[in-house]
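The sequence shown begins at 1 in the UniProt record's numbering and counts up by one. Take a look at the structure below.
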Amino acid sequence: MAADLEQQRKKMMEKLSARRRQTEEKESEEIRAAQLVLISESRQKKQKESQEKERSHQSSELQKRLEARRQARKRTSQEEEEDEGVKRSLTDEERFSRPSTKDSNPFASMKREKTALDVTVSDKEKQDTYTKLMREQTAVLQHKQESQRKQEEMLKRRLAERQSKKQAEVQSLLSLGERQKTNLLAAKQDEKEKQLERMKERIKRERSKSPGKRKQDAIEEVGGAASVSGQLS
Numbered sequence: 001m002a003a004d005l006e007q008q009r010k011k012m013m014e015k016l017s018a019r020r021r022q023t024e025e026k027e028s029e030e031i032r033a034a035q036l037v038l039i040s041e042s043r044q045k046k047q048k049e050s051q052e053k054e055r056s057h058q059s060s061e062l063q064k065r066l067e068a069r070r071q072a073r074k075r076t077s078q079e080e081e082e083d084e085g086v087k088r089s090l091t092d093e094e095r096f097s098r099p100s101t102k103d104s105n106p107f108a109s110m111k112r113e114k115t116a117l118d119v120t121v122s123d124k125e126k127q128d129t130y131t132k133l134m135r136e137q138t139a140v141l142q143h144k145q146e147s148q149r150k151q152e153e154m155l156k157r158r159l160a161e162r163q164s165k166k167q168a169e170v171q172s173l174l175s176l177g178e179r180q181k182t183n184l185l186a187a188k189q190d191e192k193e194k195q196l197e198r199m200k201e202r203i204k205r206e207r208s209k210s211p212g213k214r215k216q217d218a219i220e221e222v223g224g225a226a227s228v229s230g231q232l233s
């Protein structure tokens, strides 16, 4: 019986050691997962900074181009005003000198208006292109951030599940150890009581024998009982 109890104790210790190794391995996995989270966050931050920098650069370039177009349009408008003044002067002179040429070029003003309109439409298209580009970049950035956020949430959820599972396993292991310890103590006590009961039965049987034989057997039985009690304790 003692050998069986010792074997059970060894098995329990082996299970505890195996569980401890599993716990350490899971803790190492969690540490590596946390490191991956930090790396992912750092990479995301760098990507965001790079995208913001690129977007700012593109915005600056577009603003420069728009400003250049506005300046060109302004110069064109000034030149047209000067040309208009010159043509008006010539027209006035021609009207007084040659009235028949008053309507020689009736589409000149329309042409000038069309030129100015073309410049205005071109600037508007530039602005529309810039707005569209900014909107697309914002959508791409938001999509990437949302994807990274979902990945981080999934990783954190897995870490929380592993932590909860580990705590449950540790609690189960502790409960198992307590139950096995209780069972061992109960088994020892039960075996001790059974041996004492058998010893009492033998003493009772011996008392029914002859007085001389009973006295001698009783002395031997008491000595044996004391030896057994010492071993069990």
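Backbone N, C-alpha and C define an ideal beta-carbon position, used for all residues, glycine too.
| Check | Outcome |
| --- | --- |
| Can you tell me the Cα-Cα spacing of D190 and A3, whole angstroms? | 16 Å |
| Please tell me whether Q148 and Q44 are closer than 7 Å, where the distance is taken between their beta carbons. | yes |
| So, are the CB atoms of A72 and L159 less than 7 Å apart? | no |
| Roughly how many angstroms separate the alpha carbons of A186 and G177, rounded to a whole number? | 14 Å |
| Compare the Cα-Cα distances from L36 to each of E197, V170, Q163 and K156 and report the closest residue. | K156 |
| For K162, which option in E6, S28, M13 and Q8 has the closest C-alpha, if you only look at C-alpha atoms? | Correcting the residue identity first, residue 162 is Arg in this sequence and not Lys. Checked all of E6, S28, M13 and Q8; the closest Cα to R162 is S28. |
| If we ignore side chains and look at the alpha-carbon of each, how far apart do E54 and E30 end up? | 36 Å |
| In its own chain, which residues sit with a C-beta less than 6 Å from the C-beta of L196, not counting the 5 before and 5 after it? | none |
| Throw me the rounded Cβ distance for the L16 and L184 pair, which I believe falls under 8 Å. | Rounded, the Cβ-Cβ distance is 14 Å, inconsistent with contact. |
| If you reduce the DSSP assignment to three classes, tell me which class K124 lands in. | helix |
| For a test of the three-state rule: what should DSSP assign to S208, helix, strand or coil? | coil |
| Tell me, to the nearest whole angstrom, how far the beta carbon of R19 is from that of E169; I am working on the premise that it is less than 8 Å. | 7 Å |
| For K200 and K188, I'd like the C-alpha separation in whole angstroms. | 18 Å |
| Rounded to whole angstroms, what's the CA-CA distance from K74 to L141? Just pull it up for me. | 37 Å |
| Excluding the 5 residues flanking K194 on each side, which residues of the same chain have their C-beta closer than 7 Å to its C-beta? | none |
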